[in-house]
Amino acid sequence: MDYNSLIQVFIMTQTSGSLYDHVLYQSHAVADAHPGRLAALGVLFGMTPAPVENCRVLEIGCGDGAHLTPLALAFPNSRFAGVDLARHPIEAARDRARRLNLRNLEFQIRSVEDIHADFGEFDYIIAHGLYSWIPASARNRLLAVCQANLAPAGVAFISYNILPGGHLRRMIRDIILHHTRDVAEPEKKIERAFELLRFMAGAGLRSPGLKQEVQDTLSFHPSALFHDDMADVNEPLYFHQFVEHARRHHLQFLAEA
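Add 296 to a position in the sequence shown, counting from 1, and you land on the number used in the numbering used here.
Structure representation (structure tokens):
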């Protein structure tokens, strides 16, 4: 990890209300959330999902569009829409789409609370790295959007932090938050967090699981550590809790992606 390059992670702005504008998240495509993979899972379980070559995809919390942009390039007859609260990532996504002349891809600055039935119907809805990091009211709204905006044979991809395995990660999160509690600047908070993790890695931890979790966390991109493990909300849950929540919104669990 090159800590001297940390400054490249940040955009210093006092006008944005989103930390994702101040600390740019390192986005990437997610293979498990590829609509072709989701379609294959649907077929395996007896559904008839829309073919990836001609489908409608919505990503909620799309960041700078790193997941949707290559899909729009690969499937010109499909339509892709991404929404995110952070202005800078959306502007970057729009700029890339313009430069690539992608007419089947659009990005909007929009909250999940502002997505309603008239926003459109989608064959695939993707929410990666969102569910565990938003308040309960927003989690309810996310599943309500899936209920209202999914096509009849639609598939939603929702990732979340799961228990009991998440206990180790939550333990490290609690230690980091306590260690950085008096630090205000995001850059300094990240630097202090990595200093602590390096100390823990060399402290001769007895628990193999905890030791491995520390090593895994040390490998995180600085923006991922900040937004994922140092976020105000980070709520892991058991599988049955997620399924019960989905059922309350008349959604049926399909499979592990």
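Positions of the beta carbon are idealized from the N, C-alpha and C atoms, including for glycine.
None of the values given here were measured: they were computed from a predicted structure.
Residue 472 lies in the alpha helix (DSSP H); which residues open and close that run? Your numbering for residue 472 matches position 176 in the sequence shown. Where residue 472 is concerned, the enclosing alpha helix (DSSP H) stretches over 462-475.
Could you check the C-alpha separation between residue 433 and residue 409 for me, to the nearest Å? For the purposes of this step, residue 433 is taken as residue 137 along the sequence shown, with counting starting at 1. For the purposes of this step, residue 409 is taken as residue 113 along the sequence shown, with counting starting at 1. Looking at the two C-alpha atoms, the distance is approximately 9 angstroms.
Would you list, in sequence order, the uninterrupted beta strand (DSSP E) runs of no fewer than 3 residues that lie entirely inside the segment 477-547? none
Inter-residue Cα distance where the pair is residue 527 and residue 340: To locate residue 527, count along the sequence shown from 1; it is residue 231. To locate residue 340, count along the sequence shown from 1; it is residue 44. Straight-line Cα distance between these residues: approximately 37 angstroms.
Taking 8 angstroms as the cut-off, does the segment 443-454 touch the segment 374-390 (at least 3 CB pairs, one atom from each stretch)? no
For residue 498, count neighbouring C-beta atoms within 10 Å of its own C-beta (all shown protein chains included) and say buried if the count is 16 or more, exposed if not. Numbered from 1 along the sequence shown, position 202 holds the residue referred to as residue 498. Classification for residue 498: exposed.
For residue 378, which three-state DSSP category applies? Translated into the one-based positions of the sequence shown, residue 378 becomes position 82. The answer is strand: DSSP assigns residue 378 an E or B state.
Return the residue from the list 370, 363, 516, 403 that minimises the CA-CA distance to residue 378. Along the sequence shown, read from residue 1 onward, the residue named residue 378 stands at position 82. Of the candidates 370, 363, 516, 403, the one whose C-alpha sits nearest the C-alpha of residue 378 is 403.
Using 8 angstroms as the cut-off, can you tell me whether the segment 346-361 makes contact with the segment 316-336, which would need three or more C-beta pairs spanning the two stretches below that distance? yes
Residue 460 to residue 520 span [Cα, whole Å]: On the sequence shown, residue 460 is found 164 positions in, with the first residue counted as 1. On the sequence shown, residue 520 is found 224 positions in, with the first residue counted as 1. The straight-line gap from Cα to Cα measures roughly 21 angstroms.
Proximal residues to residue 482 (C-beta, below 8 angstroms), its chain only, five neighbours per side dropped: In the sequence shown, the residue the question calls residue 482 occupies position 186. Around residue 482: 306, 315, 318, 319, 522.
Going by DSSP, what residue range makes up the alpha helix (DSSP H) through residue 386? What you label residue 386 is simply residue 90 of the sequence shown in a count that begins at 1. Residue 386 -> alpha helix (DSSP H) spans 383-395.
Quick one: give me the first and last residue of the alpha helix (DSSP H) that residue 441 is part of. The sequence position of residue 441 within the sequence shown is 145, counting from 1. Per DSSP, residue 441 belongs to the alpha helix (DSSP H) from 432-445.
Taking the C-alpha atoms as reference points, what is the distance between residue 462 and residue 356? Counted from its first residue, the sequence shown places residue 462 at position 166. Counted from its first residue, the sequence shown places residue 356 at position 60. Rounded to the nearest angstrom, the two C-alpha atoms are 23 angstroms apart.
Keeping to the same chain, check which residues put their C-beta closer than 6 angstroms to that of residue 546; ignore five residues upstream and five downstream. As a first step, residue 546 must be located in the sequence shown, where it is residue number 250. Cβ neighbours of residue 546 beyond the five flanking positions: 443.
Are the segment 485-492 and the segment 464-476 in contact at 8 angstroms, needing three or more beta carbon pairs? yes
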